[in-house]
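Going by our numbering, 161 is the number at position 127 of the sequence shown; the sequence numbering is gapless.
Note that CB positions come from ideal geometry on N, CA and C, so glycine has one too.
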Amino acid sequence: MTLSQDDRRRIGETGQRAHKLREELAKRIVGLEGPIEQLLCAVLCEGHTLLVGVPGLAKTLLISSIAEALSLDFRRIQFTPDLMPSDITGTTVIGQDRGSGERSFVFAPGPIFANLVLADEINRTPPKTQAALMEALEERQVTAAGEKHPLPKPFFVLATQNPIEQEGTYQLPVAQLD
């Protein structure tokens with residue numbers, strides 16, 4: 035397979051951008067070269083990542099730094115036992131037109147509507163809420179009140195799971211771990 039001149043140029047530009055991004059991240063985060071490299075690969079390939087680790091590993095700083103370096107929108111969602119699907123996806127609310135005063139239902143997007151999302155401790159929330167996250171991950175959209183809402187592009191989720199404190203958690207099924 036031969037690459038065109040344009041393809042070679044794009045590959046070179048992407049490599050230069052990735053190198054600059056690594057340099058920017060190294061200014062803030064020290065000692066995580068391996069995880070940073072794997073995370074950047076996932077971001078560039080438009081995949082998602084599950085990071086299993088104890089608190090205090092600079093996960094929030096890492097993903098927010100990537101978002102800042104790439105000028106992308108960042109949100110963090112702390113998954114808790116009482117988190118409902120609509121807390122992450124958004125919900126339909128009654129809105130009022132300022133001009134006519136007419137009321138109608140409008141969709142209020144949740145925190146999943148960001149380019150880069152940190153889904154912190156996803157094993158702490160019930161399976162129903164995990165399922166709402168899975169729809170966003172797999173289909174790059176959410177469904178609220180029977181309507182589908184596409185997520186922004188690019189869309190990347192770094193999900194975390196704390197392996198130490200297992201009380202009050204919901205085991206992630208093998209299919210979700212994949």
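What's the gap between the Cα of residue 122 and the Cα of residue 155?
Locating residue 122 in the sequence shown gives position 88, where the first residue counts as 1. Locating residue 155 in the sequence shown gives position 121, where the first residue counts as 1. For residue 122 and residue 155, the distance between alpha carbons rounds to 14 Å.
Proximity to residue 115 [Cα-Cα], best of 192, 182 and 163
Locating residue 115 in the sequence shown gives position 81, counting from the first residue. That would be 163, whose Cα lies nearest to the Cα of residue 115.
Cutoff 7 Å; reference residue 167; Cβ partners in own chain excluding five residues on either side
Indexing the sequence shown from 1 puts residue 167 at position 133. Excluding residues within five positions, the ones whose Cβ falls inside 7 Å are 122, 153 and 156.
Does the distance from the C-beta atom of residue 83 to that of residue 192 stay below 9 Å?
Position 49 of the sequence shown, counting from 1, holds the residue named residue 83. Position 158 of the sequence shown, counting from 1, holds the residue named residue 192. Cβ atoms of residue 83 and residue 192: closer than 9 Å.
Continuous alpha helix (DSSP H) assignments of at least 4 residues falling wholly in the region 120-191
161-173
Can you tell me the Cα-Cα spacing of residue 182 and residue 120, whole angstroms?
Residue numbering aside, residue 182 sits at position 148 when the sequence shown is read from its first letter. Residue numbering aside, residue 120 sits at position 86 when the sequence shown is read from its first letter. Each residue's alpha carbon lies about 13 Å from the other.
Restricting to Cα atoms, I'd like to know which of 41, 37, 77 and 43 is closest to residue 55.
Here residue 55 refers to the residue found at position 21 of the sequence shown. Checked all of 41, 37, 77 and 43; the closest Cα to residue 55 is 77.
Thinking C-beta only, is residue 151 closer than 9 Å to residue 108?
As a working mapping, residue 108 is identified with position 74 in the sequence shown. As a working mapping, residue 151 is identified with position 117 in the sequence shown. Going by C-beta atoms, residue 108 is nearer than 9 Å to residue 151.
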